[in-house]
Every structure is written in structure tokens, then in C-alpha cells.
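Read through the structure below, which is laid out as C-alpha cells, and then see the notes.
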Amino acid sequence: MEARKTEKIKYPRKKMIIGMVLLVIVGAAHIIQYTALMRDYTFNYITTVIQNNTVNFIVIGILLIFMNAIEIKLIRKRLKDRL
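Be aware that the sequence shown starts at 0, since it is given in numbering that gives the first Met the number 0, and climbs by one per residue.
Written out as C-alpha cells, the structure reads:
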């Protein structure tokens, strides 16, 4: 009889984390817009660039999160098929 090797399966998280970070950056840029930090040129420039690309960041972030969810479902399906 062969002993089965059991390993813990690590689900991929990189896409989900990057997507969440993008959404947090967009939220932080909108919050910073209403604070006194806008007087500083650097913060003003960074938040302006982020706000000009808000839709792009949100779409990319949501797509990355969905891609991660689909990838996890595919891995679970493959594991069920093996057993």
C-alpha cells in the first residue's frame, strides 16, 4: 500500500491583494483631497494623477479580485476531480 502524501494547498492571493491595494489607494486619494495635505505640491500632484485614472484603477482592481476568485474555484474543482 502506498501512503498518500498530504500537503497544504496554498491558494493564490497576489491578485486579490493587488486589487485591494488599488482600491485603497483610490479611496485614500479621495480622502486626502479634503484635508490640509492638498496644500503640499507633492500630495496635490499624486492625488490629481490618481483621480484622473480613478475609473481605470477601480476596473483593474475589481477584475483582479474576480480573477483571483475564479482561479480559486478552478483549483477547488481540480482537487474534487482528483479525489
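The C-beta atom is built at its ideal place from N, Cα and C for all residues, glycine as well.
Item to complete: May I ask you to report which of helix, strand or coil DSSP gives Gln32?
Response: Note: Gln32 maps to coil in three-state DSSP.
Fill in: Cβ neighbours of Ile17 in the same chain (closer than 7 Å, five flanking residues each side left out)
Leu63.
Practice prompt. Report yes if the CB atom of Val23 is closer than 8 Å to the CB atom of Ile57, and no otherwise.
Written response: Going by C-beta atoms, Val23 is not nearer than 8 Å to Ile57.
Discussion item. In this structure, how does DSSP classify Tyr10 when only helix, strand and coil are distinguished?
Written reply: Three-state result, Tyr10: coil.
Worksheet entry | Own chain residues within Cβ distance below 7 Å of Leu36, not counting five before or after | Shown here for Leu36: same chain residues with a beta carbon closer than 7 Å to its own, the five before and five after excluded, namely Phe42 in chain order.
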